[in-house]
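Numbering (my numbering), first residue to last: 1 to 477.
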């Protein structure tokens with residue numbers, strides 16, 4: 001993310017909006033350290049029925065298909081749900097036949113909770129009239145109850161895709177609070193709502209930039225896995241909405257990074273849609289078979305991937321049919337936070353500092369190493385005491401300064417950490433000096449000119465004595 005941000009700023013003069021979809025709440029702190037914003041979707045609610053450049057009938061159809069996947073809606077239930085959505089649009093002044101009513105902001109009041117109320121009204125009428133659609137309506141209401149009732153019901157519009165695009169920068173969409181994470185089905189509905197409305201907005205705006213929005217999805221198998229449902233006694237596979245987004249949004253300035261530890265749950269047809277596929281090293285047999293099949297690995301490369309180790313893997317790029325062995329090096333600035341926290345614990349006495357022992361090094365190198373490590377400690381301590389007094393103060397830090405980062409301190413720690421890291425490597429001669437060192441060839445082996453048994457002369461190339469048959473051995477001159 002850091003490198004992509006710098007690249008687009010230098011080459012195109014703008015920075016793309018980065019959306020990190022974080023189901024487990026693992027990247028909140030990282031996003032804050034990188035200067036990003038946290039969008040808490042447990043408090044800020046999205047509205048799947050916002051038009052965002054789409055028509056009422058198209059939006060109703062996409063929401064029906066989305067809920068069909070998440071809640072296994074059947075044929076009659078889909079029909080009743082779409083009728084209820086269109087009826088709700090009309091009640092709030094959004095006429096599907098009058099385009100002038102679509103952009104007045106009235107769709108903010110059309111929520112799934114309002115649709116649920118319309119379904120309950122239809123159930124009451126069906127009970128009085130003994131309508132044959134009553135079982136389908138009751139089943140539909142039962143499936144949508146968790147989505148439309150309760151504290152986390154989608155009953156209002158707090159944030160829209162247009163609001164997210166206006167924020168810009170790095171945004172982490174979090175689905176976890178002190179009361180726990182959202183349920184899986186609710187997470188799926190919220191994520192697909194944002195992505196579907198993002199797709200509609202980009203298509204309506206006709207964006208053709210190289211990259212305007214980068215979507216990073218953690219635990220991607222949760223949102224791409226095929227659903228299984230039975231219709232008419234036949235098991236049917238339902239394709240998730242996310243795979244539909246991947247097919248066309250690449251042309252309109254949206255890029256995706258999908259991270260998963262269970263790629264076998266992803267549909268086979270989705271993998272070729274990605275321009276770059278990376279499989280990290282693992283010893284799991286099923287995972288290695290998947291990587292061999294989708295990255296076109298040979299049996300030897302498959303075995304190498306299984307024992308490559310941490311930070312290594314194979315990458316398949318769309319412009320090159322050959323899989324490449326790649327080694328990932330961590331971004332140094334991404335590790336600064338851990339270094340600063342460790343130094344803070346040492347300064348506060350929460351952890352004792354134990355320097356590493358030097359192993360069999362020359363006296364001059366060891367003395368130089370001790371000197372540089374001492375300079376590193378003193379430099380870090382002085383900077384932390386003078387530049388950021390909140391680390392040594394007994395009083396709690398102020399709320400206004402809690403998110404401030406001392407850039408000078410970060411650069412000093414990064415530079416000194418690089419010096420300390422270089423101490424662990426043996427010193428090497430410059431390449432020009434190495435080229436001047438004459439190469440000493442090992443002595444060539446020679447053979448005896450006389451047989452040690454019968455003492456008769458024999459040719460130098462002979463391996464056996466032609467006189468007595470004795471086996472000759474190679475000797476050094």
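For every residue, glycine included, the Cβ atom is placed at its ideal position computed from N, Cα and C.
Rounding to the nearest angstrom, what Cα-Cα distance links residue i and residue j in this structure?
i           : j           : result
residue 237 : residue 226 : 6 Å
residue 1   : residue 23  : 19 Å
residue 404 : residue 18  : Confidence at residue 404 is low in this model, with a pLDDT of 46, below 50, so the placement of that residue should be treated as unreliable; the coordinate-derived value is given next. Rounded to whole angstroms, residue 404 to residue 18 spans 21 Å at the Cα level.
residue 199 : residue 245 : 7 Å
residue 99  : residue 105 : 13 Å
residue 306 : residue 282 : 5 Å
residue 9   : residue 78  : 46 Å
residue 92  : residue 59  : 15 Å
residue 16  : residue 160 : 18 Å
residue 75  : residue 33  : 48 Å
residue 311 : residue 5   : 23 Å
residue 366 : residue 328 : Unreliable placement is indicated for residue 366, whose pLDDT of 48 sits below 50; the coordinate value is still reported in the next sentence. If you take the alpha carbons of residue 366 and residue 328, they lie about 31 Å apart.
residue 211 : residue 94  : 33 Å
residue 195 : residue 272 : 20 Å
residue 463 : residue 295 : 53 Å
residue 260 : residue 97  : 43 Å
residue 322 : residue 299 : 14 Å
residue 287 : residue 472 : 56 Å
residue 125 : residue 132 : 11 Å
residue 14  : residue 253 : 13 Å
residue 111 : residue 315 : 43 Å
residue 216 : residue 206 : 22 Å
residue 292 : residue 263 : 12 Å
residue 116 : residue 137 : 10 Å
residue 265 : residue 169 : 31 Å
residue 289 : residue 309 : 17 Å
residue 274 : residue 285 : 23 Å
residue 197 : residue 130 : 38 Å
residue 49  : residue 313 : 42 Å
residue 258 : residue 7   : 21 Å
residue 82  : residue 279 : 41 Å
residue 12  : residue 220 : 29 Å
Should residue i be labelled buried (16 or more other beta-carbon atoms within 10 Å of its own) or exposed?
i           : result
residue 454 : exposed
residue 460 : exposed
residue 56  : buried
residue 317 : exposed
residue 426 : Confidence is the limiting factor: at residue 426 the pLDDT is only 44, short of 50, which leaves the residue's position unreliable and the question unanswerable from this model.
residue 468 : exposed
residue 466 : exposed
residue 476 : Confidence at residue 476 is low in this model, with a pLDDT of 43, below 50, so the placement of that residue is unreliable and no value is reported for it.
residue 107 : buried
residue 451 : buried
residue 85  : buried
residue 54  : buried
Return the residue from the list the options that minimises the CA-CA distance to residue i.
i           : options            : result
residue 88  : 68, 109, 63, 97    : 109
residue 303 : 319, 325, 318      : 325
residue 276 : 41, 57, 459, 320   : 320
residue 267 : 228, 300, 282, 148 : 228
residue 172 : 218, 120, 265, 189 : 218
residue 20  : 290, 284, 174      : 174
residue 255 : 202, 240, 297, 288 : 202
residue 176 : 163, 168, 165, 190 : 190
residue 40  : 205, 164, 7        : 164
residue 222 : 240, 170, 205, 85  : 240
residue 121 : 103, 270, 80, 13   : 80
residue 192 : 119, 90, 65, 278   : 65
residue 37  : 166, 118, 149      : 166
residue 150 : 457, 285, 113      : 113
residue 148 : 123, 118, 101      : 118
Within the continuous alpha helix (DSSP H) that includes residue i, where are the two ends?
i           : result
residue 289 : 285 to 294
residue 317 : Run containing residue 317: none in the alpha helix (DSSP H); it sits in the beta strand (DSSP E), 312 to 317.
residue 203 : 184 to 205
residue 306 : 299 to 306
residue 115 : 112 to 129
residue 162 : 161 to 167
residue 63  : 56 to 71
Sorry if obvious, but does the Cβ on residue i come closer than 7 Å to a heavy atom of the ligand SAM?
i           : result
residue 282 : The ligand SAM is not part of the structure shown, which contains no ligands of any sort.
How would you write the range of the beta strand (DSSP E) that residue i sits in, first residue to last?
i           : result
residue 278 : 276 to 280
residue 326 : 320 to 327
residue 38  : 37 to 40
residue 20  : 17 to 22
residue 255 : 254 to 258
residue 134 : Segment 134 to 148 is the alpha helix (DSSP H) holding residue 134; no beta strand (DSSP E) there.
residue 217 : 213 to 217
Does residue i come within less than 8 Å of chain D when only Cβ atoms are used?
i          : result
residue 42 : The structure shown contains no chain D; it holds only a single protein chain.
Does the count of Cβ pairs from the region 38 to 55 and the region 139 to 154 closer than 8 Å reach three? yes
May I ask you to verify whether the region 25 to 33 touches the region 140 to 147, counting CB pairs closer than 8 Å and requiring at least 3? no
With a threshold of 8 Å, are at least 3 pairs of Cβ atoms found where one atom belongs to the region 184 to 203 and the other to the region 64 to 81? yes
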